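Participant: This structure is in structure tokens; I'll ask about it shortly.
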Amino acid sequence: MADTATAAPAPVADNDAVPTGIQADDHDNLIEADAQEDGDSAIDVPFRESLTSLRSSILAYQQENGRTYHAMSAGKYFLPNDEAEIERLDLQHHVLMLTFEGRLCLCPKSEGAKRVLDLGTGTGIWAIEYGDAHPEAQVVGVDLSPVQPEFVPPNCSFEIDDLEKDWTWDRPFDFIFSRMMTGSFADYGAIVKKVWDNLEPGGYFEAQDMGMPLSCDDGTLSKSSGLWVWLSLVLEAMEKLGRPISAAQLWKPLMEEQGFVDVTQTIYKWPTNRWPRDKKYKELGMWSLANMDSGLESSSLAPLTRAMGLSREEVLLLVSKARKTLRDTNVHAYWPIYVIHGRKPLHPTGSQTTSGPADVAADGELAPEASAASPAA
Numbered sequence: 001m002a003d004t005a006t007a008a009p010a011p012v013a014d015n016d017a018v019p020t021g022i023q024a025d026d027h028d029n030l031i032e033a034d035a036q037e038d039g040d041s042a043i044d045v046p047f048r049e050s051l052t053s054l055r056s057s058i059l060a061y062q063q064e065n066g067r068t069y070h071a072m073s074a075g076k077y078f079l080p081n082d083e084a085e086i087e088r089l090d091l092q093h094h095v096l097m098l099t100f101e102g103r104l105c106l107c108p109k110s111e112g113a114k115r116v117l118d119l120g121t122g123t124g125i126w127a128i129e130y131g132d133a134h135p136e137a138q139v140v141g142v143d144l145s146p147v148q149p150e151f152v153p154p155n156c157s158f159e160i161d162d163l164e165k166d167w168t169w170d171r172p173f174d175f176i177f178s179r180m181m182t183g184s185f186a187d188y189g190a191i192v193k194k195v196w197d198n199l200e201p202g203g204y205f206e207a208q209d210m211g212m213p214l215s216c217d218d219g220t221l222s223k224s225s226g227l228w229v230w231l232s233l234v235l236e237a238m239e240k241l242g243r244p245i246s247a248a249q250l251w252k253p254l255m256e257e258q259g260f261v262d263v264t265q266t267i268y269k270w271p272t273n274r275w276p277r278d279k280k281y282k283e284l285g286m287w288s289l290a291n292m293d294s295g296l297e298s299s300s301l302a303p304l305t306r307a308m309g310l311s312r313e314e315v316l317l318l319v320s321k322a323r324k325t326l327r328d329t330n331v332h333a334y335w336p337i338y339v340i341h342g343r344k345p346l347h348p349t350g351s352q353t354t355s356g357p358a359d360v361a362a363d364g365e366l367a368p369e370a371s372a373a374s375p376a377a
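Numbering (full-length UniProt numbering), first residue to last: 1 to 377.
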């Protein structure tokens, strides 16, 4: 099954330019840059112990490089769990909701689910909002860190567990959801198998993830830029740690191989900052910048100190240089956001590859416009 798309124009001739991360058959719209933007990077981006029944050992977070990390299965997950990261995760939820125009998911289980599992629930905001919107559904969120609020809808609950270990639920789910879990697992195929085994026939699995590396269609992002150098090191570090940041591109083929049908992939774009002409993309870029401006440090410290031997000071210097590129409106880069969902057949017969047509988002161009005005930060 091939994704529908139109060919992108040839990038600016530049031997140092980063190649586009989404191939021509993966997207059918380009984002036009706003020529009015002057490239000024000086953008100021503003940026419980809970669940009393948990064992104190789970609350004894690891301290590392001035951040805290999960205690259960310590060292597996590369992002911190402190207050700064909790705020970023809730901000990221807002960016995703803006991207999907208020929808929590894109699969048919946006309505009608009875039993829902949220993998890597984080702050629990998705599970809570889904539970609020669907009081008839029982929603279970699972994470390594107990950072979810204590007071939640009566149909929503949280469990602290390691999803790479055996799943022990005694009843299947009809909807399993995963969001921004790239870099979380050593074997994504094993996770898809667990999802399959714990879905009832006819149930849906949906994964939402950021594709890596980031993309640029006009050659304005160079391989020597601070952002590309930073990202290349993080990608290398995660490979060394055995947890590659490749989930976004893996979910679809793994789901098809497992036997899911009606597999649909949609690719959205998060501009790195306010550089697009289109007002929707410009707003999305501002929120995306706020999210990633904070995420640069949180996603760097553990991988680069653990796997690459860098000091905290060296990591922060790399982050500073990456942030300069991230904020530069002359650099027309974007983060691909993948949404993949598929259905477990009513009568599974083993591994299948049949799937429905892919759907690639085409909601406007990201392109320059000489007359576009910059919105307030």
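Cβ coordinates follow ideal geometry from the N, Cα and C atoms, glycine included. Predicted, not measured: the structure shown is a model, and the values here were computed from it.
Quick one: is F151 buried, meaning 16 or more other Cβ sit within 10 Å of its Cβ, or exposed?
Facilitator: F151 counts as exposed, since fewer than 16 other beta carbons sit within 10 angstroms of its beta carbon.
Participant: Could you give the DSSP three-state label for H134: helix, strand or coil?
Facilitator: DSSP places H134 in the coil class of the three-state scheme, outside both helix and strand.
Participant: On a Cα-Cα basis, can you pick out the residue from D143, Q265, C105 that is closest to S184?
Facilitator: For the residues D143, Q265, C105, the minimum Cα distance to S184 belongs to D143.
Participant: How would you call L346, buried or exposed, if buried means at least 16 neighbouring beta carbons within 10 angstroms?
Facilitator: exposed
Participant: I believe F175 touches K109 by the beta-carbon criterion, under 8 angstroms. Please report the beta-carbon distance rounded to the nearest angstrom.
Facilitator: 4 angstroms
Participant: Taking the alpha-carbon positions, what's the Q352 to P336 distance?
Facilitator: Bear in mind that the predicted position of Q352 carries a pLDDT of just 47, short of 50, making it too unreliable to give a figure here.
Participant: Is the Cβ-Cβ distance between Q138 and K114 less than 9 angstroms?
Facilitator: Yes; because the gap between Cβ atoms is below 9 angstroms, this pair is in contact.
Participant: Rounded to a whole number of angstroms, what is the C-alpha to C-alpha distance between G211 and P153?
Facilitator: The C-alpha of P153 is placed about 32 angstroms away from the C-alpha of G211.
Participant: Between which two residues does the beta strand (DSSP E) holding I340 run?
Facilitator: For I340, the uninterrupted beta strand (DSSP E) run begins and ends at 333 to 343, by DSSP.
Participant: On the DSSP bridge assignment, give the partners of L119 in chain order.
Facilitator: V142, S178
Participant: Can you look up G183 in the DSSP assignment and give me helix, strand or coil?
Facilitator: Coil.
Participant: Within its chain, find whatever has a CB closer than 7 angstroms to the CB of W169; leave out the 5 residues flanking it on each side and keep chain order.
Facilitator: Taking C-beta separations shorter than 7 angstroms and ignoring five residues to either side along the sequence, the partners of W169 in its chain run N198, following chain order.
Participant: Is the beta carbon of L91 sitting closer than 9 angstroms to the one on W287?
Facilitator: In contact: L91 and W287 (Cβ atoms closer than 9 angstroms).
Participant: Any idea which residues DSSP pairs T264 with across the strands?
Facilitator: H341
Participant: What did DSSP end up calling W196 once you bin it into helix, strand or coil?
Facilitator: helix
Participant: Find out if the Cβ-Cβ distance for the pair S157, N81 is shorter than 9 angstroms.
Facilitator: no
Participant: Which two residues bound the contiguous beta strand (DSSP E) that contains S157?
Facilitator: 156 to 160
Participant: Report yes if the C-beta distance between G112 and A127 is below 9 angstroms; otherwise report no.
Facilitator: no
Participant: So, helix, strand or coil for F47, using DSSP?
Facilitator: Note on F47: pLDDT 34, under 50, position unreliable in the model; the coordinate value appears next. Looking at F47 - three-state DSSP - the assignment turns out to be coil, as it is neither helix nor strand.
Participant: Based on Cα-Cα distance, which residue from H70, Y334, E200 lies nearest to W270?
Facilitator: Y334
Participant: Do R88 and S294 have their beta-carbon atoms positioned less than 9 angstroms apart in this structure?
Facilitator: yes
Participant: Three-state secondary structure (DSSP) at A17?
Facilitator: strand
Participant: Rounding to the nearest angstrom, what Cα-Cα distance links E236 and E83 in this structure?
Facilitator: 27 angstroms
Participant: Looking only at C-alpha atoms, which of V319, P303, G342 sits nearest to G259?
Facilitator: G342
Participant: State the start and end residues of the unbroken alpha helix (DSSP H) segment that holds Y77.
Facilitator: Note, Y77: premise wrong, no alpha helix (DSSP H); not H, not E.
Participant: Run through DSSP, which three-state label would A290 get?
Facilitator: helix
Participant: With respect to the alpha helix (DSSP H) encompassing V325, which residues constitute its N-terminal and C-terminal limits?
Facilitator: Reading off the sequence shown, one finds Thr at residue 325, where the question assumed Val. Taken as a continuous stretch (DSSP letters only), the alpha helix (DSSP H) holding T325 covers 312 to 327.
Participant: Which partner residues of S222 appear in the DSSP bridge assignment?
Facilitator: A17
Participant: Among V116, P135, V263, which has the Cα closest to the Cα of P253?
Facilitator: V263
Participant: Run the CB neighbour count on P201, radius 10 Å, all protein chains shown included, and call it buried at 16 or more, exposed below.
Facilitator: Classification for P201: exposed.
Participant: If you draw a straight line from the alpha carbon of N273 to that of R171, how long is it in whole angstroms?
Facilitator: In a straight line, the C-alpha of N273 is about 44 angstroms away from that of R171.
Participant: From A248 to T182, what does the alpha carbon distance come to, in whole angstroms?
Facilitator: 7 angstroms
Participant: Taking DSSP as the reference, what is the three-state secondary structure of T168?
Facilitator: The answer is coil: DSSP assigns T168 none of H, G, I, E or B.
Participant: In three-state DSSP terms, what is G285?
Facilitator: Of the three classes helix, strand and coil, the one that applies to G285 here is helix, per DSSP.
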